[in-house]
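Reviewing the structure listed below.
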Amino acid sequence: MSEIALLRNFEYSASLPAAPGAVFDFLDDFTHLGAHMTRANRMMAGSRMSYRFDASHGREVGAWIRLTGSFLGIPIEIEERVIDRDPPHSKAWRTVGLPRMLVMGAYRMGYSIRPLPGGSQLNAFIDYVNPQRGIGRALGALFGGAYARWCVRSMLTSAIEHFGTLREAPADGTGSPPRNAGAPGPLSHPG
19 MSEIALLRNF EYSASLPAAP GAVFDFLDDF THLGAHMTRA NRMMAGSRMS YRFDASHGRE
79 VGAWIRLTGS FLGIPIEIEE RVIDRDPPHS KAWRTVGLPR MLVMGAYRMG YSIRPLPGGS
139 QLNAFIDYVN PQRGIGRALG ALFGGAYARW CVRSMLTSAI EHFGTLREAP ADGTGSPPRN
199 AGAPGPLSHP G
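Count the sequence shown with my numbering and you get residues 19 to 209, in order.
Now the structure itself:
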């Protein structure tokens with residue numbers, strides 16, 4: 019995937035009343051982080067995905083994660099690799115090869131955590147491209163941005179449901195979604 023420029027981005031943040039180490043430990047477990055994918059939900063048209071992991075369960079650089087399922091009867095298969103893991107500061111993973119998805123092509127997702135008085139600032143992001151061919155090209159243009167926002171918000175929601183929240187705000191601190199959310203633009207994410 020290194021030859022594919024990730025042209026779209028969405029990021030969001032939340033302030034949690036928990037230490038960075040506790041937040042990292044919770045999110046380091048993909049069954050917590052990606053719980054939204056394993057439940058039937060509206061964004062997946064009532065479908066759900068299943069996770070498979072290597073021996074590290076996605077908890078080391080190079081680890082693989084595989085998601086399989088279907089959307090409206092169409093098979094979906096995604097393989098991801100962990101590309102960064104720096105406890106308790108950050109973690110990132112990206113798709114390997116061409117994911118079999120309808121509304122999104124290759125992507126990189128992750129989060130960073132920084133200490134705050136009384137808790138932590140969790141910043142979650144996705145950098146992605148829309149599918150480049152077939153029906154996915156049209157579906158990605160229509161629904162890719164909404165799906166990306168749902169993925170990032172769902173990661174934060176998992177942490178908020180577990181720890182509670184001090185406050186929730188877009189990563190840019192303005193109180194509204196970033197202007198480039200889901201739109202073409204430079205690759206940017208919290209560092």
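Just so you know, even glycine gets a beta-carbon here, dropped at the ideal spot from N, CA and C.
*Roughly how many angstroms lie between the CA atoms of residue 96 and residue 135, to the nearest whole one?*
If you number the sequence shown from 1, residue 96 lands on position 78. If you number the sequence shown from 1, residue 135 lands on position 117. Rounded to the nearest angstrom, the two C-alpha atoms are 38 angstroms apart.
*residue 49 versus 147, 144, 83, residue with shortest Cα-Cα distance*: Mapped onto the sequence shown, residue 49 falls at position 31. The residue with the shortest Cα to Cα distance from residue 49 is 83.
_Nonlocal neighbours in the same chain, by C-beta distance under 7 angstroms from residue 32, ignoring five residues either side_ = Translated into the one-based positions of the sequence shown, residue 32 becomes position 14. Answer for residue 32: 140, 174, 177, 178, 183, 186, listed in chain order.
_Just to confirm my understanding: we take residue 78, look at its own chain, exclude 5 residues before and 5 after, and list those with CB closer than 7 angstroms. What are they?_
If you number the sequence shown from 1, residue 78 lands on position 60. Closer than 7 angstroms at Cβ, skipping near neighbours: 100, 103.
*asked:* At the level of alpha carbons, what is the spacing between residue 88 and residue 67?
replied: Counted from its first residue, the sequence shown places residue 88 at position 70. Counted from its first residue, the sequence shown places residue 67 at position 49. Their backbone Cα atoms lie some 7 angstroms apart in a straight line.
*asked:* Please classify residue 70 as buried or exposed, where buried requires at least 16 neighbouring CB atoms within 10 angstroms.
replied: Position 52 of the sequence shown, counting from 1, holds the residue named residue 70. With fewer than 16 other Cβ atoms within 10 Å, it is exposed.
*Under 8 angstroms by Cβ, that's how I've got residue 170 and residue 131 pegged, so tell me the actual separation to the nearest angstrom.*
Counted from its first residue, the sequence shown places residue 170 at position 152. Counted from its first residue, the sequence shown places residue 131 at position 113. That belief does not hold up - the Cβ atoms of residue 170 and residue 131 are roughly 15 angstroms apart, past 8 angstroms.
*Output yes or no for whether 8 angstroms exceeds the beta carbon distance between residue 162 and residue 127.*
Locating residue 162 in the sequence shown gives position 144, counting from the first residue. Locating residue 127 in the sequence shown gives position 109, counting from the first residue. No, Cβ-Cβ distance for residue 162 and residue 127 is not below 8 angstroms.
_Beta-carbon proximity check, residue 29 vs residue 142, cutoff 8 angstroms_ = Locating residue 29 in the sequence shown gives position 11, where the first residue counts as 1. Locating residue 142 in the sequence shown gives position 124, where the first residue counts as 1. Cβ atoms of residue 29 and residue 142: closer than 8 angstroms.
*State buried or exposed for residue 166, treating a residue as buried only when at least 16 other CB atoms are found within 10 Å of its CB.*
As a position in the sequence shown, residue 166 is number 148, starting the count at 1. Counting Cβ neighbours within 10 Å, residue 166 comes out buried, since at least 16 surround it.
*Step through the CB atoms of chain B and report whether any lies within less than 8 angstroms of the CB of residue 125.*
Of the protein chains in the structure, only one exists, and it is not chain B.
*When the Cα atoms are used, what is the spatial distance from residue 181 to residue 41?*
Counting from one through the sequence shown, the residue named residue 181 turns up at place 163. Counting from one through the sequence shown, the residue named residue 41 turns up at place 23. Distance between the alpha carbons of residue 181 and residue 41 is about 8 angstroms.
*Leaving out the 5 sequence neighbours to the left and right, which residues in its chain are closer than 6 angstroms to residue 105 when beta-carbon positions are compared?*
The sequence position of residue 105 within the sequence shown is 87, counting from 1. Taken in chain order, the residues that qualify are 42.
*What residue range is occupied by the uninterrupted alpha helix (DSSP H) comprising residue 14?*
Missing from the structure shown is residue 14; the chain here goes from 19 to 209 and no further.
*Does the Cβ of residue 90 have 16 or more other Cβ atoms within 10 Å, making it buried, or fewer, making it exposed?*
The sequence position of residue 90 within the sequence shown is 72, counting from 1. Classification of residue 90: exposed, given that the 10 Å Cβ count is below 16.
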